[in-house]
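Reviewing the structure listed below.
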Amino acid sequence: MTSVTALPSRPRRPLVLSRRGAFPLHASVLVTLLAASSAPTPLYALYQAAWHFSAMTLTVVFSTYALSLLLALLTAGRLSDHLGRRPVLVGSLLAEAVAMAVFATAQGVPALIAARILQGLATGVATSAAGAALLDFEDPRRPGRATAANGITPVAGMALGVLAATALVQYAPAPTRTVYLLLLLLFTAQAAATLLTPETARPHPGARRSLRPAVTIAPASRSALALATPGIVAAWALGGFYSSLGPSLARLIAPDAARATGGLVFFTMTAAAGLAGYAARSLPARTVNLVGAALLIPGALLTLSGPQLRSLLPLFAGAALAGAGFGAVTQAALRLLLPPAAPAERAGTLAAYYVLSYLAMSVPAVLAGLLTNLYGLQTAVSLYAVTVVLLALTGLTRALGSRTT
């Protein structure tokens with residue numbers, strides 16, 4: 267009788283994504299995070315019609331997201347430098363999935379606010395971790411790709427989120443549920459895929475200490491932040507206006523327009539921002555910053571003229587110009603800020619940039635909602651536009667001064 271000796275089996279290697287595969291995964295995470303952040307914009311009119319709340323309440327709902335995101339950035343923006351990118355990102359993505367479930371089952375404003383708070387906290391932690399991971403996974407043969415991706419993916423995500431939600435408002439039988447259920451599935455799948463990525467941050471002590479609220483900017487990046495701050499504030503303030511009150515402004519100008527119109531205004535802005543950021547990725551950062559600040563001025567003025575002319579055309583034109591300025595300014599700011607930062611300073615520097623951005627996005631939006639309640643939307647738009655123009659002029663002056671020194 268012949269005995270058969272079994273050949274020793276080779277140990278199975280754990281399935282791990284390559285660095286080349288991890289880069290697009292983390293870019294897609296940023297896209298999905300920002301798509302989820304903008305998805306409620308076209309739905310606000312439906313929520314207002316169903317639950318009868320004011321413009322002030324609308325901006326509070328919008329701003330709870332931005333303010334909770336700020337809290338996360340101030341406390342946990344550097345957490346992935348200490349614990350590792352992978353565990354921080356997986357936990358944040360699962361929290362995002364829970365937030366989408368709360369959105370999908372919301373029956374009133376309190377649930378909407380709760381979902382926005384949870385979403386903001388998760389997004390704040392995830393954006394700094396995913397953005398730093400992009401820099402970690404960058405191909406050394408293609409320098410600058412990660413910085414460009416950090417600038418382009420957020421606005422691309424906002425554009426995709428608002429476009430998808432706008433389409434669902436128009437065609438889906440349950441638009442206030444469908445978009446969130448789709449996003450829930452995406453976040454869950456991305457969390458599972460992130461588990462397969464290699465860890466790039468070296469875990470080290472100090473995680474608890476890093477949770478103390480602080481803004482940490484790489485010393486080499488501080489002069490660039492001072493240069494770019496007025497343009498960043500002007501750009502994100504306009505973004506906050508279009509995201510929160512853009513649909514209301516579209517209804518004021520054209521009450522009989524299709525209900526998807528308000529969402530398309532914000533889509534126009536974010537799509538223009540994404541295209542401008544992509545087009546400017548290889549141009550000198552200081553030149554891009556200068557051009558972006560200049561574009562914000564006519565964008566704000568055209569937005570102001572929409573109610574005066576009772577026409578949607580200047581509103582859409584203003585959104586396109588504001589978006590192009592937004593994309594250029596943010597692209598330039600990140601290219602000025604991130605390359606000088608050391609690897610251990612990347613998450614903190616990126617978090618500091620987002621702290622400034624979301625403060626600029628949320629605080630003026632809340633003030634605009636208050637002004638709308640007190641004096642009407644048209645007056646609020648006028649004051650908002652004048653403020654943005656002054657900020658953009660300051661940014662333009664600084665950008666011109668930096669080019670002559």
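Residues in the sequence shown are numbered from 267 upward in steps of one, following the numbering used here. Just so you know, even glycine gets a beta-carbon here, dropped at the ideal spot from N, CA and C.
For residue j and residue i, the rounded distance between their alpha carbons
{"i": "residue 287", "j": "residue 664", "result": "40 Å"}
{"i": "residue 590", "j": "residue 549", "result": "15 Å"}
{"i": "residue 315", "j": "residue 376", "result": "16 Å"}
{"i": "residue 409", "j": "residue 621", "result": "26 Å"}
{"i": "residue 507", "j": "residue 310", "result": "14 Å"}
{"i": "residue 483", "j": "residue 425", "result": "29 Å"}
{"i": "residue 539", "j": "residue 465", "result": "32 Å"}
{"i": "residue 331", "j": "residue 374", "result": "16 Å"}
{"i": "residue 420", "j": "residue 618", "result": "16 Å"}
{"i": "residue 299", "j": "residue 321", "result": "25 Å"}
{"i": "residue 646", "j": "residue 565", "result": "16 Å"}
{"i": "residue 534", "j": "residue 429", "result": "9 Å"}
{"i": "residue 643", "j": "residue 387", "result": "30 Å"}
{"i": "residue 319", "j": "residue 308", "result": "16 Å"}
{"i": "residue 610", "j": "residue 345", "result": "11 Å"}
{"i": "residue 422", "j": "residue 635", "result": "26 Å"}
{"i": "residue 582", "j": "residue 631", "result": "19 Å"}
{"i": "residue 364", "j": "residue 575", "result": "44 Å"}
{"i": "residue 295", "j": "residue 304", "result": "15 Å"}
{"i": "residue 329", "j": "residue 623", "result": "13 Å"}
{"i": "residue 625", "j": "residue 341", "result": "15 Å"}
{"i": "residue 505", "j": "residue 414", "result": "19 Å"}
{"i": "residue 361", "j": "residue 283", "result": "23 Å"}
{"i": "residue 336", "j": "residue 389", "result": "10 Å"}
{"i": "residue 563", "j": "residue 461", "result": "44 Å"}
{"i": "residue 608", "j": "residue 391", "result": "20 Å"}
{"i": "residue 672", "j": "residue 616", "result": "Residue numbering for the chain in the displayed model covers 267 to 671; residue 672 lies beyond these limits and cannot be assessed."}
{"i": "residue 333", "j": "residue 627", "result": "9 Å"}
{"i": "residue 489", "j": "residue 546", "result": "22 Å"}
{"i": "residue 368", "j": "residue 378", "result": "8 Å"}
{"i": "residue 567", "j": "residue 325", "result": "22 Å"}
As assigned by DSSP and simplified to three states, the class of residue i
{"i": "residue 519", "result": "helix"}
{"i": "residue 611", "result": "helix"}
{"i": "residue 286", "result": "helix"}
{"i": "residue 294", "result": "helix"}
{"i": "residue 577", "result": "coil"}
{"i": "residue 642", "result": "coil"}
{"i": "residue 654", "result": "helix"}
{"i": "residue 466", "result": "coil"}
{"i": "residue 483", "result": "coil"}
{"i": "residue 478", "result": "coil"}
{"i": "residue 631", "result": "helix"}
{"i": "residue 604", "result": "coil"}
{"i": "residue 526", "result": "coil"}
{"i": "residue 305", "result": "coil"}
{"i": "residue 267", "result": "Annotation note: pLDDT 48 at residue 267 (below 50); position unreliable, no value reported."}
{"i": "residue 511", "result": "coil"}
{"i": "residue 491", "result": "helix"}
{"i": "residue 461", "result": "coil"}
Residue-chain proximity (residue i, chain C), Cβ-Cβ < 7 Å
{"i": "residue 547", "result": "You won't find chain C in this structure, because it holds only one protein chain."}
Practice problem: Can you check the segment 307-381 for any alpha helix (DSSP H) of at least 4 residues that lies completely inside it and give the ranges in chain order? | Solution: Counting only runs of 4 or more residues that sit fully inside the segment 307-381, the alpha helix (DSSP H) segments are 310-317, 321-342, 345-349, 351-370, in chain order.
Quiz item: For the segment 447-461 against the segment 580-589, are there 3 or more C-beta pairs whose distance is under 8 Å?
Solution: no
Quiz prompt | Secondary structure, alpha helix (DSSP H): runs of 4+ residues fully inside the segment 387-447 | solution = 411-437
Quiz item: How about the segment 635-650 and the segment 336-354: do they share at least three Cβ pairs that are nearer than 8 Å?
Solution: no
Quiz item: Is the segment 552-564 in contact with the segment 439-446, if contact means three or more CB pairs nearer than 8 Å?
Solution: no
Quiz item: Counting Cβ pairs closer than 8 Å, one from the segment 643-657 and one from the segment 353-360, do we hit at least three?
Solution: no
Quiz item: Using 8 Å as the Cβ pair cut-off and three pairs as the minimum, do the segment 596-611 and the segment 482-500 touch?
Solution: yes
Practice problem: Mind the definition here: the segment 381-393 touches the segment 499-517 only if three or more C-beta pairs lie below 8 Å; say whether that holds. | Solution: no
Quiz item: Which runs of the beta strand (DSSP E), 3 residues or longer, sit entirely within the segment 534-579?
Solution: DSSP runs (the beta strand (DSSP E)) wholly in the segment 534-579: none.
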